[in-house]
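Asker:
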Amino acid sequence: MNYLAHLALSGNNEETMIGNYMGDSLRGIDIHTFSTGIQNGIKLHRFIDDFTDHHPVFISAKKYFTKKFDKYSGTLVDVCFDHFLAKNFSHFYSEDLKNFAQRNYAEIGKNYSILPDKAKGFYNYMTEHNILYGYSEKENIKKVLQGLTYRIKRKVLLYEGYEIFIDKYNDLEKLFLEFYPLLKTGSEKFCEETGIKI
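Number 159 in numbering that gives the first Met the number 0 belongs to position 160 of the sequence shown; there are no gaps in the numbering.
(1) Contact defined as beta carbons within less than 8 Å: I believe Pro115 pairs with Leu171. What is the distance between those atoms, to the nearest angstrom?
(2) May I ask you to report which of helix, strand or coil DSSP gives His44?
(3) Can you check which of these residues, Lys196, Met0, Lys70 and Ile17, is closest to Ala105 by C-alpha distance?
(4) For Met125, I'd like the list of residues in its chain whose CB is within less than 8 Å of its CB, leaving aside the five on either flank, ordered along the chain.
(5) Is DSSP giving Ser59 helix, strand or coil here?
(6) Return yes when the Cβ of Ile41 is within less than 8 Å of the Cβ of Gly22, no when it is not.
(7) Where do the ends of the alpha helix (DSSP H) carrying Ser89 lie?
(8) Are there three or more Cβ pairs, one per stretch, closer than 8 Å when the region 160-179 is compared with the region 61-73?
(9) Just curious, the alpha helix (DSSP H) that Glu13 is in, first and last residue?
(10) Among Glu159, Tyr111, Lys196 and Lys154, which has the Cα closest to the Cα of Leu75?
(11) Determine the extent of the alpha helix (DSSP H) in which Asn139 is found, giving its start and end residues.
(12) In whole angstroms, what separates the C-alpha of Lys183 from that of Lys167?
(13) Mind reading off the beta-carbon distance from Glu4 to Phe80? Whole number of angstroms is fine, and I expect it under 8 Å.
(14) Just checking my contact of Tyr122 with Tyr111 at CB under 8 Å: how many whole Å lie between their CB atoms?
(15) Any idea if Leu174 is buried or exposed, counting beta-carbon neighbours within 10 angstroms, 16 or more meaning buried?
(16) Using 10 angstroms around the beta-carbon of Asn169, count the other beta-carbons present and answer buried if the total reaches 16, otherwise exposed.
(17) Between Asn19, Ser93 and Lys119, which has its C-alpha nearest Phe46's C-alpha?
(18) When you compare the CB positions of Leu43 and Cys190, do they come within less than 8 Å of one another, or not?
In structure tokens form, the structure reads like this:
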């Protein structure tokens, strides 16, 4: 899953959210330099990634992209699923998506000094373009994929996945709506069992 889902699954606990947000930016960093609460957020991030990558519904969604994008098919589904989460946000959460986005920008901003450089860079991009709220618009998904194409610095034109996203839109949304409640319940159970506050 991508940033919107990771943040949403962190609940209302700021430290858990910060750790979950920075989960993909920690290469070469000792997580024990962070508070226990942030470490727990990192653990939740890793649980979400593992649950997602091995779930048969997510694997089914990847098949739409595998032929053309191979190992990057999961990245494309992550972005597509964040769109469907944004579109259906009120179905899963009582907080309005716009308020949720602004609250998370503010909380991450308060902790900006402790973020790894990669997480700082994305925060700047995310707030400048209001990415979390922007996920709700189909047209913005192509822009997100263009940004990913630039950031991975390889000759993989991820933005071309937008055509598949549009062509298989209804099928992908159906898979998302099947998958996300399972991920949400699984994440809540993981937090309960491990004492992570959300």
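No residue lacks a Cβ here, since even glycine has one placed at the ideal position from N, Cα and C.
Just so we're clear, the structure is a prediction, and the values are computed from it rather than from any experiment.
Answerer: With the given structure in hand:
(1) That pair is no contact at about 31 Å.
(2) helix
(3) Ile17
(4) Tyr2, Tyr104 and Leu131
(5) helix
(6) yes
(7) Phe88 to Phe91
(8) yes
(9) Glu13 to Tyr20
(10) Glu159
(11) Lys137 to Ile151
(12) 24 Å
(13) The sequence given here has Ala at residue 4, not Glu. Contact between Ala4 and Phe80 holds, since their C-beta atoms are separated by about 7 Å, short of 8 Å.
(14) 7 Å
(15) buried
(16) Exposed, because fewer than 16 other Cβ atoms sit within 10 Å of the Cβ of Asn169.
(17) Of the residues Asn19, Ser93 and Lys119, the one whose Cα lies closest to the Cα of Phe46 is Asn19.
(18) yes
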